[in-house]
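Reading through the structure tokens given below for one structure.
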Amino acid sequence: MKFKRMLGLWLGVALVILFTFTATAAPRGIDPDRIQARRTAGDALERYDDDDDDGHGGARACTETAKAVSKSCRDGAKSDRWLAVANCLNMVDEEDVEECREEAGEDLEEAMEECGDQHEARMEICEELGEDPYNPEIDPENFVDVIDNPWLPYLPGTTWVYEGETEDGLERIVVEVTGDTREIMGVECTVVRDRVYLDGELIEDTFDWYAQDVEGNVWYFGEITFELEDEEIVSLEGSWEGGRDGAWPGIVMPAAPAVGDYYRQEMLLGEAEDMGEVLAVDATVSVEFGDYDGCVQTRDFTPIEPDALEYKYYAWGVGFVLEEKPEEGIRIELIEMTTM
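Numbered according to mature numbering (1 follows the signal peptide of the UniProt record, and there is no 0), the sequence shown spans residues -25 to -1, 1 to 315.
Set out below in structure tokens:
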């Protein structure tokens, strides 16, 4: 019996040693450093993981929406990192593997920082708008057939032409109110075509859908955007339609703009979240097409690109006359307007 107990003890020790050796030793022909690199390839992800957040917020719809979108952003960044790491691990040269892995980590850091900036921007919007869910009631009976808001009169047959120098060249924008309509969420919307040219070449062709309610507010119901290169469509990015895939229309011009007005112009989370704020109703503007007093000045921005900022100016009876992008030093101004 004593012999059997001793034999069992020694066998147990041997198994422990064998297990430890096989768990730590590298198979022949495999670099242990590379194994370690693979094991630690995703270490940077751990400090970003906060899956304890269950997303329940009760009546705090705006805040919890912002948190949920932020988590989606971070999860997407981590997913991109893992794909990058997977590609890295199929490289032959060890230095290339390490360099690739470091680059993937840097990209993750940058993406996480961007997600954080977007979250802060959305939280600032919640502070301004409150916590109510954004789901405006759209009753077709509350909309009219014509858009005659004097600050944004989208009357069929009207065309505006804008020009301005950018770092890429001369930008020319032609906005035309067509005679076409499109029914969205039961509302008959006016189709406005917006074409962007760079040094004479068409680079973007967009069809926007607008409608005016009985109070005079101009609503934006969506767009389909064609980005072009060498006369070929390369992307539809930025396209959305109210009532589809969680998208909601918003107001692009209040009936009676007042300083402090703060509103959503569109809503498709992560894709289209433009905001507007009225800064002045007595601005003076001089553009090639004319001089205007008593203009409405707005600040247009989006939490998707927190650093992007635009100031827009609207003249009574004319509409949009000037856009300024201070961060880029760009000024796009009205040079021509025609009506039928």
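Even glycine gets a Cβ: it sits at the ideal position worked out from N, Cα and C.
| Query | Result |
| --- | --- |
| Three-state secondary structure assigned by DSSP to Val296 | strand |
| The ligand NAP heavy atom lying under 6 Å from the CB of Glu206 | In terms of ligand content, the structure shown is empty, and the ligand NAP therefore cannot be addressed. |
| For Lys287, the residue or residues it bridges with in DSSP | Thr273 and Glu298 |
| Beta-carbon contacts of Tyr195 that lie in its chain and below 8 Å, excluding the five residues immediately before and after | Asp183, Trp184, Tyr185, Pro224, Gly225, Ile226, Val227, Gln240 and Glu241 |
| Burial state of Ser45 (16 or more Cβ within 10 Å) | buried |
| Length of the line joining the Cα atoms of Gln11 and Leu64 | At Gln11, the pLDDT of 43 sits below 50, so the modelled position is not reliable and the matter cannot be decided from this model. |
| Where Met315 falls, given that 16 or more other Cβ within 10 Å makes a residue buried | exposed |
| Asp169, DSSP secondary structure in three states | strand |
| One or two residues paired with Ser45 in a DSSP bridge | For Ser45, which the question treats as bridged, DSSP gives no partner whatsoever. |
| Reduced DSSP category for Gln240 - H, G, I as helix; E, B as strand; rest coil | coil |
| Cβ-Cβ distance between Val171 and Asn117 below 7 Å | no |
| DSSP state of Val189 mapped onto helix, strand, coil | coil |
| Where Glu248 falls, given that 16 or more other Cβ within 10 Å makes a residue buried | buried |
| Supposed contact pair Gly197 and Gly217 - C-beta distance, whole angstroms, cut 8 Å | 5 Å |
| Counterpart residues of Gly225 in DSSP-defined beta bridges | Tyr195 |
| Assigned secondary structure, Glu248 (DSSP; H/G/I helix, E/B strand, else coil) | coil |
| Residues near Gly235 by beta carbon distance below 7 Å, same chain, minus five either side | Val253 |
| Beta carbon of Ala258 nearer than 7 Å to that of Tyr289 | no |
| Exposure label - Asn124; buried when at least 16 CB within 10 Å | buried |
| Met312, DSSP secondary structure in three states | strand |
| Cα-Cα separation, Pro115 to Gln272 | 30 Å |
| Close Cβ partners of Ser210 (< 7 Å) along its chain, the five nearest in sequence each way excluded | Glu202 |
| Integer Cβ distance of Met87 from Arg49, believed to fall under 8 Å | 6 Å |
| Residues near Gly251 in its chain [Cβ-Cβ closer than 6 Å; skip 5 each side] | Tyr238, Gln240, Thr273 and Asp275 |
| Secondary structure, alpha helix (DSSP H): runs of 4+ residues fully inside the segment 39 to 123 | 69 to 104 |
| Close-in-space but distant-in-sequence residues of the same chain around Pro111 (CB under 8 Å, 5 per side omitted) | Trp223, Pro224 and Gly225 |
| Contact belief for Trp215 with Leu177 at Cβ below 8 Å, rounded distance in angstroms | Between Leu177 and Trp215 the Cβ distance is about 22 Å, and since that is not below 8 Å, they are no contact. |
| Buried/exposed call for Arg14, threshold 16 Cβ in 10 Å | Only weak support exists for where Arg14 lies, its pLDDT of 39 falling under 50; the coordinates are left without a value. |
| When Leu284, Glu206 and Gly105 are compared against Gly175, the one with the closest alpha-carbon | Glu206 |
| Start and end residues, beta strand (DSSP E) containing Leu145 | Gly144 to Ile159 |
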